[in-house]
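A short worksheet on the structure shown next.
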Amino acid sequence: MTTLRAPIQNLLATVLLLWLPVVASAEGCGAFATAISKVQGEDARSPLAGQTVTVEGVITMDARHKGGFRGFYLQQTDDETDGSPNTSEALFVYTGRSAGSRGQRVRVSGRVKEFHGLTELTDVDTFTVCGTGPLPAPVPVTLPWPDHQRPEHLENMLVTIAGELTVIDHYNLARYGELTLAAGDQTIPTEFMEPGPSAAALFQSQQGNRLLLDDARGVRDPRPVPWPTGELSADNTVRAGDRVNRLSGILDFRFDAWRVQPLSPPAFQSANPRPDPPTRPDTSTLRVVTLNLGNLFNGDGRGGGFPAPRGAKSRKQFDQQLAMLVTALRAPEPDIIAVTEVENDGYGSHSAIADLANALGEQWRYVKADSGTGSDAIRTDLLYRSDRVATEGEASRLTSAPFSRRGRPPVAQAFRHLGNDRVLRIIVPHLKSKACRGAKGPDRDQNDGQGCYSFSREQATRAILRWADSLPQPDNLAGTLITGDMNSYAREVPLQLITDAGYTNAVRQFHACNEAGCNKTSYRYHGRSGTLDYSLVSKGLAGRLVGATTWSINADEPPALGYKGPIPAAESQPWRSSDHDPVITDFSL
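Mind the numbering: the sequence shown is residues -26 to -1, 1 to 563 in mature numbering (1 follows the signal peptide of the UniProt record, and there is no 0), read in order.
Listed below in structure tokens is the structure:
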């Protein structure tokens, strides 16, 4: 009996060893653990949220560095996956414990939680390093997401992006270290489509074709600014339209956006280089430059009065802003400048428009249109080179409805070309923006792609067209140019009204726009390019139009390089002097 008992005991011990890792030895590496795919589940929210689980996997990225996410990404190895295409094999573990590093296998116990849409493990109470383990192979992914579905099945997993991605937005680059990427640039649908359901559907489709490049840091205002590789500077920019190659990292979901936390710096390719100013056709042409100044406010005009209600917060900022604007306005060699968003503070020697004219040079004058400038903080204005043109008659403003109630009354002035005595009339509007604050009734968003206050913009446009027809007709009038910030994209109602009245969209005469892409737009909003600033040429003047374009110096540049940014461009450079691009129009009068 004694000789038989030992083998039986050994057999029982073997059976117990096979059984105990599953039930009794929950703390040991290789013991029973909940599959990460079970924690993730097939929906956006974990089916185990609120429960305590033990998981085991390999650390694919450690984000416990200073300013990081205070945690790491844990993924099951390739031979541990459940084989389902509907579940993620990775999890974010939120912990301040320092054990473990990338490539090590760890065993962790904690509570499952949803944090702003991110499935994570928190309240970690058991943490064991189990040695090293093979890193899972990155999953190849492409944009747009298939069927425009959220890639929930890849959350927190190691991925590699196939092909090139295009930078479409850098608004949060200096604030959160983020760039928005897409498979190709994106254009506001109503730039080339009529407002309505199709435009709204395309807008939603574009949302499924974008991804954030993040910096794996949870701090605001990261310094240095991480992108492009080598850090952002005035001479090392990343412009919308540039491309990113060989992007690999963790597919993360934070704060309602899918993003990649790269494992190594991606390769940036300059695909939209900074352009030179358009060359004038010849000296006999008349060149008009139109620019939204981005709130040019000069305090009290004597060096004090800062922070201003809008624009610069200090004298230093104002000096920087003014110098950059002057660089941008001088470079194309204009004869006439139409501006919007200049402080509505009169026309005296200490006014903002006077400061701008003085900075442009001794030949520059500004039109004094002080009758009915309205109650808005900003207005539209005109400046001109007195050695090239002269004003013809008095300036006027449209102060009747709807501008009698709200808005910025447009300014009109005729100019006589000193070289040939022909006259060009210019009207400068700045219509109500699309922001929805205070919108009521028909001004509410109609969900057709035009945003709020579309009705007000339509009414203002009709009034401007009636006014243009009623203005005096001086001798040798070549025609009328309506140029300014319409706050409407090219296929929206205001622009359709103007073109139906016989006006020509000058830039579109020379630069195509369709679903494949729109050349020469003037603005970028939430990653989509479009035109808000126009040169609209009357029927009689269209035959004298010899060129029109936008100069892409602002909308494609990061806001961080602006005068308020942490890394302003040099005063001698025009880059990000405003948030709108200038429109440049040439006439042969």
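We put the CB at the ideal spot given by N, CA and C, even for glycine. None of these values were measured; they are calculated from a predicted model.
- Counting C-beta atoms within 10 angstroms of its own C-beta, S349 has fewer than 16 neighbours from the protein chains shown and is therefore classed as exposed.
- Approximately 20 Å separates the beta-carbon atoms of L132 and V103; this is outside 8 Å, ruling out the contact.
- In the DSSP assignment, S83 forms a beta bridge with T28 and T100.
- In the three-state DSSP reduction, D36 falls in the strand class (E or B).
- Between G158 and T140, the C-beta gap is smaller than 9 Å, which places the two residues in contact.
- Secondary structure at S428: helix, using DSSP grouped into helix, strand and coil.
- If you look at A522, you'll find it in the beta strand (DSSP E) that goes L519 to T524.
- In the three-state scheme derived from DSSP, where H, G and I count as helix and E and B as strand, F166 is classed as coil.
- A contact between stretches requires three or more CB pairs, one per stretch, nearer than 8 Å, and the segment 179 to 197 fails this requirement with the segment 518 to 534.
- Proximity to R261 across L225, Q291, A7 and R362 peaks at R362, based on C-alpha coordinates.
- With respect to L128, L95 sits apart: the two C-beta atoms are not nearer than 9 Å.
- Contact between the segment 424 to 443 and the segment 491 to 510 is absent, with fewer than three C-beta pairs closer than 8 Å.
- Boundaries of the alpha helix (DSSP H) around L299: R289 to R304.
- In the structure shown, P114 falls within a strand segment according to DSSP collapsed to helix, strand and coil.
- V199 and A148 have their C-alpha atoms roughly 6 Å apart.
- Taking all protein chains in view, the Cβ of T314 is crowded by 16 or more other Cβ atoms within 10 Å, so the residue is classified as buried.
- The alpha-carbon separation between E168 and T161 amounts to approximately 13 Å.
- Taking all protein chains shown into account, S238 has fewer than 16 neighbouring C-beta atoms within 10 Å of its C-beta and is therefore exposed.
- Residue pairing for T69: DSSP places it in no beta bridge.
- Under the DSSP assignment, R482 falls in the alpha helix (DSSP H) whose first and last residues are A480 to F484.
- Cβ-Cβ separation between I33 and Q78: approximately 6 Å, consistent with a contact (criterion under 8 Å).
- Within the segment 117 to 186, the runs of alpha helix (DSSP H) that reach at least 4 residues and sit entirely inside it are, in chain order, 147 to 150 and 171 to 181.
- Rounded to the nearest whole angstrom, the C-alpha separation of I400 and R217 is 39 Å.
- Between the C-alpha atoms of N60 and K12 there is a straight-line separation of about 11 Å.
- Residue pairing from DSSP places R233 in a beta bridge opposite L186 and D226.
- Bounds of the beta strand (DSSP E) holding S503 are R502 to G504.
- With the rule of 3 Cβ pairs closer than 8 Å, the segment 401 to 417 counts as touching the segment 457 to 467.
- Here K406 is buried, its C-beta having at least 16 other C-beta atoms within 10 Å.
- Taken in chain order, the complete beta strand (DSSP E) segments of 3 residues or longer contained in the segment 354 to 399 are 363 to 371 and 385 to 391.
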